[in-house]
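> Protein chains in written order, with my numbering: chain A, 66 to 441; chain B, 66 to 441. Pasting in a structure now, in structure tokens, and then I'll have a few things to ask.
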């Protein structure tokens with residue numbers, strides 16, 4: 066009988082004898098099919114992140130670190146493990162360049178295991194650390210939800226019973242994290258608190274992660290409507306949006322926000338109409354080593370994501386573009402801090418400024434190469 | 066043998082004995098297939114406009130008026146024709162609400178035929194007028210190209226041989242007009258004048274008219290790259306765009322611009338980075354009866370355009386959205402004049418202000434219910 070170390074909808078971590086493995090939802094098949102794949106080794110883990118079987122900054126952080134831990138467990142003694150880790154940790158950290166969570170979670174494991182001089186302690190420390198990271202990431206999302214709920218309550222108070230109209234982008238939901246999600250946590254909590262809400266879901270070409278959000282909201286019975294990304298400006302212009310609420314892949318010391326391509330356009334529209342633009346993020350999404358967003362590497366993905374669209378039903382894909390035309394596929398953009406109303410973190414809400422971020426996270430701000438184990 | 070009254074790639078108008086009919090490209094099949102459909106009666110014409118067999122403000126203006134003219138020719142005498150026109154002209158004018166060209170072209174026909182008291186003269190006047198309108202619309206696009214070319218030349222002069230990077234949205238090309246197009250006319254002319262250019266083509270969900278632009282540019286061998294609509298802000302942010310150049314469906318007295326949904330977001334990004342944002346339009350796209358863009362009706366189209374994507378190959382469609390989720394599909398947005406650098410018209414380039422528009426089009430500005438026959 067396998068031992069279950071952790072279980073949520075997004076992730077199941079099991080051990081059978083000396084072998085660790087985990088199961089994750091293949092998000093490429095959603096929303097048409099809820100199917101788990103079992104990740105048995107580090108190579109499969111790297112593939113899953115690269116091919117977006119899993120996506121979402123917090124989740125890829127956890128899954129990358131899991132890839133490290135199950136790889137460690139495959140080694141049979143300390144020296145082999147140390148050599149293997151030295152070689153593979155940098156590979157895992159760099160599977161995808163924009164989301165910072167991957168680096169922090171891997172570094173957190175490394176920081177703990179480096180002090181272990183005994184094989185059994187080494188591998189147990191690795192396992193214990195990933196379980197801590199998972200537990201912490203869940204708690205962070207829960208706290209984000211609580212802080213964000215207060216913001217939604219304030220808006221609701223001015224709407225005299227009309228639904229609070231929330232515009233989101235991409236999927237910063239439970240699928241992108243473990244539970245609750247980041248941008249969706251306040252939405253779920255508002256719904257549970259009987260605050261009338263309606264979510265505008267931007268489909269988020271090229272990979273259409275908006276449909277993952279629509280799927281999540283459908284499961285939770287939260288009223289929502291899908292729009293094409295182009296429609297966001299018009300909705301805001303027409304007063305149909307009270308608040309924009311998104312997640313993030315990396316936030317720098319000054320409050321600049323890297324997030325899924327198209328976020329920046331929504332931030333510009335929100336600013337033009339005086340609508341609040343909130344970014345929800347766990348502290349694991351901050352990059353305290355970077356001064357501003359110009360330093361964030363932006364991933365370019367393959368053309369095929371633009372030229373072909375994957376449909377709702379299995380195996381259904383459409384080529385939408387002529388093969389004679391080129392395509393270009395940057396995956397993220399930077400929303401400069403002056404367009405961000407506030408950051409919603411597990412420790413509370415702060416302004417997108419160095420001062421405000423430093424006040425909330427003084428120890429990380431002063432020690433940019435911190436690890437997240439410190440917070441346990 | 067039929068008489069050919071007019072022939073271009075977009076439109077062929079023929080007469081066989083007493084019957085008028087025309088052939089148009091079924092743009093729903095492009096870019097995978099170049100196929101003409103023959104429009105024999107007014108009902109087929111209304112269907113073609115409603116279902117976007119033809120699209121593009123100038124072209125639907127012409128095709129709507131053609132629907133009126135071929136309907137007139139089906140009547141056999143003056144009184145029947147007058148009764149038929151009274152009933153059908155308003156229907157045709159309102160097939161699609163946002164593009165103003167439809168109204169002007171129909172009104173132009175009505176203004177001429179109302180003075181004819183003899184059946185033969187009546188129907189010949191209708192035919193003569195539509196041919197005039199077509200000729201004028203072509204000339205307008207040609208002139209827009211010449212004026213726009215000067216703007217591109219100025220940008221090229223500062224690029225020391227590097228390509229001028231032009232971002233466009235939707236299709237304001239020859240397909241949307243008769244020849245040259247509006248936004249594409251300066252592009253075609255720049256290319257013919259050996260000015261190095263590269264066009265960023267925004268795919269323009271939900272209907273992906275960007276792929277029509279990509280198809281046109283492929284035919285003309287003009288370098289171009291397709292992006293998803295979300296990527297426009299990032300490209301501008303990264304300095305990869307020198308100028309944004311779009312068409313329009315309606316421009317009001319103060320220079321507010323209705324155009325395909327998503328245009329507004331590009332205008333916001335252009336403004337934020339000091340990139341010029343030009344709108345190319347023939348005078349038939351002005352609505353001198355409206356003070357500003359708030360008065361322009363915005364068409365909402367069916368959800369299926371959002372939930373399903375039509376692929377490149379015949380019969381290939383993808384359902385991308387869960388049927389449990391709602392969708393909302395506004396087809397246009399308003400770019401306020403303060404975001405528009407200038408309007409490129411057949412008479413020259415003007416500021417998006419009442420004063421500047423009035424200076425270029427004094428007779429229409431003073432007589433908002435003008436018809437376009439006056440210009441012949």
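A virtual CB, placed ideally from N, CA and C, is assigned to each residue, including glycine.
(1) Quick check: residue 326 of chain A and residue 236 of chain B, are their CB atoms within less than 7 Å of each other?
(2) Does any residue of chain A have a CB that is nearer than 7 Å to the CB of residue 68 of chain B?
(3) Along the chain, where does the beta strand (DSSP E) containing residue 399 of chain B start, and where does it finish?
(4) Do we get a CB-CB distance below 7 Å when we pair residue 270 of chain B with the residues of chain A?
(5) Using a C-beta cutoff of 7 Å, does residue 86 of chain B count as contacting chain A?
(6) In or out: residue 234 of chain A buried (at least 16 other Cβ within 10 Å) or exposed?
(7) Which chain B residues sit within Cβ distance under 8 Å of residue 273 of chain A?
(8) Would you call residue 336 of chain A buried or exposed, if buried means 16 or more other Cβ atoms sit within 10 Å of its Cβ?
(9) With DSSP as the reference, identify every bridge partner of residue 156 of chain B, one or two as the case may be.
(10) I want to see whether chain B comes within less than 7 Å of residue 286 of chain A, judged by CB atoms only; does it?
(11) On the premise that residue 243 of chain A lies in contact with residue 76 of chain A, defined as a C-beta separation below 8 Å, what is that separation, rounded to the nearest angstrom?
(12) Return the residues of the region 319-336 of chain B that lie within a Cβ-Cβ distance of less than 7 Å from chain E, sorted by chain order.
(13) Does residue 25 of chain B get closer than 7 Å to chain A when you measure Cβ to Cβ?
(14) Quick one: Cα of residue 189 of chain B to Cα of residue 136 of chain B, how far?
(15) Taking 7 Å as the cut-off, decide whether the C-beta atoms of residue 313 of chain A and residue 354 of chain A are in contact.
(16) Does the beta-carbon of residue 435 of chain B have 16 or more other beta-carbons within 10 angstroms, so that it is buried, or is it exposed?
(17) Does any residue of chain A bring its CB to less than 7 Å from the CB of residue 261 of chain B?
(18) Chain A beta carbons: is any one of them nearer than 7 Å to that of residue 162 of chain B?
(19) Is the CB-CB distance between residue 85 of chain B and residue 138 of chain B below 7 Å?
(20) Assuming contact is defined by CB atoms lying nearer than 7 Å, are residue 344 of chain B and residue 311 of chain B in contact in what I supplied?
(21) Should residue 465 of chain A and residue 241 of chain A be called a contact, given that it needs their Cβ atoms to be closer than 7 Å?
(22) Could you pull out every residue in the same chain whose Cβ sits closer than 7 Å to the Cβ of residue 397 of chain A, ignoring the five residues on either side in sequence?
(23) By Cβ distance below 7 Å, which residues in the same chain neighbour residue 80 of chain B in space, the five residues on each side in sequence not counted?
(24) Is the CB of residue 312 of chain B under 7 Å away from at least one CB in chain A?
(25) Going by DSSP in three states, residue 439 of chain B sits in which element: helix, strand or coil?
(26) Is residue 126 of chain B a contact residue of the ligand ATP, with contact defined as CB to any heavy atom under 6 Å?
(27) Would you check if the region 380-391 of chain A and the region 186-201 of chain A touch, i.e. whether three or more CB-CB distances between them fall below 8 Å?
(28) Under 7 Å between the Cβ atoms of residue 229 of chain A and residue 307 of chain A?
(29) Is the region 199-213 of chain B touching the region 408-423 of chain B in the sense that three or more CB pairs, one from each, lie closer than 8 Å?
(30) Under 8 Å: do the region 368-376 of chain B and the region 386-393 of chain B share three or more Cβ pairs, one atom per stretch?
(31) Taking its Cβ as the centre, do 16 or more other Cβ atoms sit within 10 Å of residue 428 of chain B, making it buried, or is it exposed?
(32) Starting from residue 124 of chain A, trace the alpha helix (DSSP H) both ways and give me its first and last residue.
(33) Does any CB atom of chain A fall closer than 7 Å to the CB of residue 290 of chain B?
(34) Once you ignore the five residues that flank residue 288 of chain A on each side, which residues in its own chain have a CB closer than 6 Å to its CB?
(35) Let me know the secondary structure DSSP gives residue 333 of chain A once reduced to three states.
(36) Give the single residue among B:402, B:161, B:348 whose Cα lies nearest to the Cα of residue 113 of chain B.
This is what the structure holds:
(1) no
(2) no
(3) 397-400
(4) yes
(5) no
(6) buried
(7) 385
(8) buried
(9) None, per the DSSP bridge assignment.
(10) With 7 Å as the cut-off, residue 286 of chain A does not count as an interface residue toward chain B.
(11) Indeed they touch by this definition, with Cβ atoms about 6 Å apart.
(12) The structure shown contains no chain E; its protein chains are A and B.
(13) The requested residue 25 of chain B is not part of the displayed model; chain B covers only 66 to 441.
(14) 13 Å
(15) no
(16) With 16 or more other Cβ atoms inside 10 Å of its own Cβ, residue 435 of chain B counts as buried.
(17) no
(18) no
(19) yes
(20) yes
(21) In the structure displayed, chain A extends from 66 to 441; residue 465 of chain A sits before or after that span and is not available.
(22) 163, 314, 323, 324, 325, 326, 363, 364
(23) 67, 68, 70
(24) With 7 Å as the cut-off, residue 312 of chain B does not count as an interface residue toward chain A.
(25) A caution first: residue 439 of chain B carries a pLDDT of 49, below 50, which makes its placement in the model too unreliable to give a value.
(26) Annotation note on the ligand ATP: not contained in the displayed structure, which lists no ligands.
(27) no
(28) yes
(29) yes
(30) Short answer: they touch.
(31) The residue in question, residue 428 of chain B, is exposed, as its Cβ has fewer than 16 Cβ neighbours within 10 Å.
(32) For residue 124 of chain A, the enclosing alpha helix (DSSP H) covers residues 122-139.
(33) yes
(34) Once the five neighbours on either side are set aside, the close Cβ partners of residue 288 of chain A are 263.
(35) Three-state result, residue 333 of chain A: helix.
(36) B:161
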